[in-house]
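Sequential numbering of the sequence shown, starting at 484, is according to the numbering used here. All residues carry an ideal CB built from backbone N, CA and C; glycine is no exception.
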Amino acid sequence: MAKVHPIIFLGTSAFAVPSLRALAGDPSFKIDLVITQPDRPAGRGKKMTPSPIKMLAKDLGLPIAQPESINEWRQPATSNQQPATFRPDFLVVVSYGQILPLAILNAPVIAPVNVHASLLPRWRGASPIQHAILAGDKETGVTVQRMVKELDAGPILAQEKTAIDGRTTAPHLHDRLATMGADLLTRTLNAPLSPVEQDEINITFCKKLTREDGKADPASMAAEEIDRRVRALNPWPGVTADVNGQTFKILAAELTATKDSFPLPCAKDTVLHLVSVQMPGGKPISGAEWARRKVRG
């Protein structure tokens, strides 16, 4: 009989959903516990909302823990507690959102593993999908790494590449990489692990995004640079621009004219074609409609 590997899964965001679903559907694995972030207020009503991973774990009937801080989490002691929960074969971490202490990283019998949305060592850090687009990278991918204390610095267990073309957006790339990562994760854990140390020369880092990252200045930025920001930073943190004292969000743009777009002059004699924009407090409108209102105003 084939061995069934016990797993503790840590994840929070939608990126982790395909990985949890894939592990739960693979008879080689048994998920003893899912650890995710506490419910958070969301939406205009600030209603307490569970993470995508909590919702999936509930649907799958899996045990759930939601510590405010993973450093404070302790395994509940019960009379029928199975040793596998304390010492899983694998600790699997996918978009969890907290740094794990060594005590937890050292818990699994075989390895703590992580699915990261870049081709490590490129784009270690919190926003690899967005930064790959912002930098104009022609390809990216997913990495399954053996976790170590230093962030995203562990030995590589497997990688898979995918192309980034000139119209790739962060949401589309997010979904593609999430699916790729889930498939790569199960294939990797079903085979003997072969860790390879990361290249320490070509490391790049990316930080957590802020609203400041979404500011675009057509007077100093070329159209291509703003276009990459629009594709990378929508829906969060979004891209804002100021033209003649009028601030607005750029929701969609192209480098060539489209129906109902508006040509916005940018630096270096380039032109960005505004496809969809939004004024403060308003609804999305076409670039052409924005220009008409701007003239009327």
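Buried or exposed (CB count within 10 angstroms, at least 16 for buried), residue i
i       : result
Met-531 : exposed
Leu-602 : buried
Arg-776 : exposed
Glu-708 : buried
Leu-585 : exposed
Asn-684 : According to the sequence provided, residue 684 is Ile. The question's Asn does not apply to it. Exposed, because fewer than 16 other Cβ atoms sit within 10 Å of the Cβ of Ile-684.
Gln-628 : buried
Asn-554 : exposed
Asn-597 : buried
Thr-730 : exposed
Ala-674 : exposed
His-655 : exposed
Pro-489 : buried
Ile-639 : buried
Arg-605 : buried
Ala-485 : exposed
Test item: CB-CB of residue i and residue j under 8 Å
i       : j       : result
Ala-505 : Asp-666 : yes
Ala-740 : Leu-660 : no
Leu-755 : Asp-710 : yes
Lys-621 : Ala-653 : no
Gly-457 : Phe-688 : This structure leaves residue 457 out entirely; the chain is present only between 484 and 780.
As assigned by DSSP and simplified to three states, the class of residue i
i       : result
Glu-737 : strand
Thr-687 : coil
Pro-718 : coil
Asp-725 : strand
Ser-769 : strand
Ala-706 : helix
Arg-659 : helix
Thr-693 : coil
Lys-541 : helix
Asn-563 : Only weak support is given to the placement of Asn-563: the predicted model assigns it a pLDDT of 45, under 50, and the question is left unresolved by the model.
Proximity test, residue i beta-carbon vs the ligand GTP heavy atom, cut-off 7 Å
i       : result
Phe-573 : Only the bare structure without any ligand can be found here, which leaves the ligand GTP out of the picture.
So does the stretch 515-522 actually touch the stretch 677-686, counting three or more Cβ pairs closer than 8 Å?
Result no; under three Cβ-Cβ pairs closer than 8 Å.
Quick check for students: name the residue ranges of the beta strand (DSSP E) that lie wholly in the stretch 584-653, counting only runs of 3 or more.
Counting whole runs of 3 or more residues, the stretch 584-653 contains the beta strand (DSSP E) stretches 594-599, 622-629 and 639-646.
Would the stretch 527-542 and the stretch 603-621 be scored as touching if the rule is three or more Cβ pairs under 8 Å?
No contact exists between the stretch 527-542 and the stretch 603-621.
Okay, do the stretch 536-543 and the stretch 491-510 touch, 3+ Cβ pairs below 8 Å being the bar?
Flag = yes, the stretch 536-543 and the stretch 491-510 touch.
Is there contact here, the stretch 744-760 with the stretch 686-693, by at least three beta-carbon pairs under 8 Å?
Under the Cβ criterion (8 Å, minimum of three pairs), the stretch 744-760 does not count as touching the stretch 686-693.
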